[in-house]
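Colleague: Residue numbers (my numbering): 1292 to 1685. Even glycine gets a Cβ: it sits at the ideal position worked out from N, Cα and C. Shown below is the structure under consideration.
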């Protein structure tokens, strides 16, 4: 018996959120569907509430299938507790809405995921919340942007598409000095590759759709908090929004979670190998991957992370639209589509130029985002090599 010896992350992945003794020795938590929950007495009915932790009170508020997944994610991220919602965007939306009101000001990294920007520029703007975008490299200088009505700072490290690293501890320290919440989109790292609460973050948000599920077949979001108070605040917001995630999706996420460690090791190894190969190619202007030693954010990545995922970008030297199409339209292994985090490799051309407001994206080449899946890297490299050859054929 190991007693109270601290468990390493790979061990926690296997054992967190499992209570086999409560379910007749069944290894995986069962799938429990519910809408109506019956109460034995009027007193039981009256004391039941959606805010009761771990209590089954109504189907929309969750069953043990969801509660055990939340328990596992919270343990892995090192937070007080986790709430699961129907998608990563639902997690972003509910986490932000829980802390803002009309007249508030929020700070959002200019490298944020586009749906986050869309929420800020449309819904929040209509309801009187002002969004100010900041340079992701700002670090502790963000103190100069904090106002008396600043409600929260939104971070994403590395950044969406362009993979800038943020100095989260410095940002958190500046925010804490002014009583401002720090929220982090931690999807790239999953629950495994960094410890957001050790860096002073108040709320960690993930699209569980990506690496937690890991099989490109479930939509899921997670919100983990450092404190009980913030957990209850966000839980009330989720109840108001009517958001719910079904037990079947939670079951599949639990199952995906068990292999997250071995999958991430392969994503890391394969991603680095493909990124290094891309650095040797004459068609490539620059590779954007914080785990590469010459990346501008490498020192922060090395300090704050214990590994890398399989998601990164590279910039082609200038090509025409027909050349680009001839490359990406005929890939054998790389699929072209949104999302990432599954077992398959993906390729996605993108252009941050018209999105950025606080910083300028002035690269003249085409940005291409890759997700390196679990295929053999020799085959993936051959597929990319053939794609580069097609650039010259258009």
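1) Apply the 10 Å Cβ neighbour rule to residue 1472 and answer buried if 16 or more other Cβ atoms are within range, or exposed otherwise.
2) According to DSSP, is residue 1364 helix, strand or coil?
3) Return the first residue and the last residue of the alpha helix (DSSP H) that residue 1382 is part of.
4) By how many angstroms is the C-alpha of residue 1488 removed from the C-alpha of residue 1477?
5) Looking only at DSSP bridge pairs, what is residue 1423 linked to?
6) Applying the criterion that 16 or more other CB atoms from any shown protein chain within 10 Å of the CB defines a buried residue, is residue 1324 buried or exposed?
7) Going straight from the alpha carbon of residue 1527 to that of residue 1385, what length do you get?
8) Expressed to the nearest angstrom, what Euclidean distance is found between the alpha-carbon atoms of residue 1414 and residue 1433?
9) Look up residue 1446 in the DSSP assignment and give the residues it is bridged to.
10) May I have the straight-line CA-CA distance separating residue 1562 from residue 1490, to the nearest angstrom?
11) So what does DSSP say about residue 1297, is it helix, strand or coil?
12) Mind checking whether residue 1639 and residue 1627 have CB atoms under 8 Å apart?
13) Is it buried or exposed, residue 1540, if we count other Cβ atoms within 10 angstroms and call 16 or more buried?
14) Throw me the rounded Cβ distance for the residue 1600 and residue 1659 pair, which I believe falls under 8 Å.
15) Could you tell me if residue 1620 is buried or exposed, where buried requires 16 or more neighbouring beta carbons within 10 angstroms of its beta carbon?
16) Got a sec? Which residues, its chain only, sit under 8 Å from residue 1679 by beta carbon, not counting five neighbours each side?
17) Hey, how far is the Cα of residue 1369 from the Cα of residue 1517?
18) Touching or not, the stretch 1386 to 1399 and the stretch 1541 to 1561, by the rule of three or more beta carbon pairs under 8 Å?
19) Determine, using beta carbons only, whether residue 1372 and residue 1474 come nearer to each other than 8 Å.
20) Among 1314, 1383, 1329, which residue has its Cα nearest to the Cα of residue 1322?
21) Can you tell me whether residue 1547 is helix, strand or coil according to DSSP?
22) Out of 1586, 1469, 1532, 1581, point me to the one whose CA is closest to residue 1479's CA.
23) So, does the stretch 1449 to 1459 touch the stretch 1423 to 1430, judging by three or more C-beta pairs under 8 Å?
24) Hey, is the stretch 1578 to 1596 in contact with the stretch 1443 to 1453, meaning 3+ C-beta pairs nearer than 8 Å?
25) Just the Cα atoms here: how many angstroms apart are residue 1545 and residue 1484?
26) Tell me the DSSP secondary structure of residue 1665 in three-state form.
27) Could you tell me the distance, in whole angstroms, from the CA atom of residue 1426 to the CA atom of residue 1650?
28) Whole angstroms is fine: what's the gap from residue 1520's alpha carbon to residue 1353's?
29) Going by CA-CA distance only, name the one from 1552, 1606, 1578 that's closest to residue 1504.
30) Give a yes or no on whether the C-beta atoms belonging to residue 1320 and residue 1348 are separated by under 8 Å.
31) State buried or exposed for residue 1387, treating a residue as buried only when at least 16 other CB atoms are found within 10 Å of its CB.
32) Around the C-beta of residue 1613, are 16 or more other C-beta atoms found within 10 angstroms, so that it is buried, or is it exposed?
33) Sorted by chain position, which residues of the same chain lie with C-beta nearer than 8 Å to residue 1507's C-beta, five sequence neighbours on each side aside?
34) Per DSSP, which one or two residues make a beta bridge with residue 1485?
35) Tell me whether the beta-carbon of residue 1534 lies closer than 8 Å to the beta-carbon of residue 1317.
36) Grab me the residues of residue 1657's own chain with a C-beta within less than 8 Å of its C-beta, minus the 5 sequence neighbours each way, in chain order.
Modeller: On the basis of the coordinates in this document:
1) buried
2) helix
3) 1379 to 1388
4) 11 Å
5) 1398
6) exposed
7) 10 Å
8) 25 Å
9) 1475
10) Between the alpha carbons of residue 1562 and residue 1490 lies a distance of about 26 Å.
11) coil
12) yes
13) buried
14) About 17 Å separates the two Cβ atoms, so there is no contact after all.
15) exposed
16) 1572, 1574, 1618, listed in sequence order.
17) Cα to Cα, the separation comes out at about 8 Å.
18) Verdict: no, contact absent.
19) no
20) Shortest Cα-Cα distance from residue 1322 to any of 1314, 1383, 1329 involves 1314.
21) helix
22) 1581
23) They touch, by the three-pair rule.
24) yes
25) 18 Å
26) coil
27) 6 Å
28) 19 Å
29) 1552
30) no
31) buried
32) exposed
33) Excluding positions up to five away in sequence, the list reads 1630, 1632, 1633, 1634, 1635.
34) 1596
35) no
36) 1606, 1607, 1609, 1610, 1615, 1640, 1642
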